[in-house]
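Reviewing the structure listed below.
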Amino acid sequence: MTAATASPRTLNARAVGKSAPGAVYVGRPSKFGNPFVIGRDGDRDTVIRRYRDWLLAQPHLVAAARRELAGKDLIC
């Protein structure tokens, strides 16, 4: 992927593995992964909301995401 020709994509780790050129793994075990689990921590909407709220309370992680993920394909 080049910045001039394509937008970042979301890739499925089962299809491409946890590493691919120009991509960053952001699944649950990574520092960017959602620690909240559907079922244990609520339904899908609740888990997404809890992750968003948690992430916004982690300014160092938001800064790292902006720095490390900008323009990259994301694998999850």
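Using my numbering, you'd call the opening residue of the sequence shown number 118 and step up by one each time.
All C-beta atoms in this analysis are idealised placements derived from N, C-alpha and C, irrespective of residue type, glycine included.
Computed from a predicted model, the values in this text were never measured in an experiment.
Let me confirm a value: V143 is counted as buried when at least 16 other C-beta atoms fall within 10 Å, else exposed. Which label applies? With a 10 Å radius around the Cβ and a threshold of 16 neighbouring Cβ atoms, V143 comes out buried.
For P125 and G134, what's the separation of their Cα atoms in angstroms? Going from the Cα of P125 to the Cα of G134 covers about 17 Å.
Distance, A182 Cα to S136 Cα: The straight-line gap from Cα to Cα measures roughly 17 Å.
Please tell me whether V141 and L191 are closer than 9 Å, where the distance is taken between their beta carbons. When the beta-carbon positions are compared, V141 and L191 come within less than 9 Å of each other.
Where A187 falls, given that 16 or more other Cβ within 10 Å makes a residue buried: Burial call: exposed.
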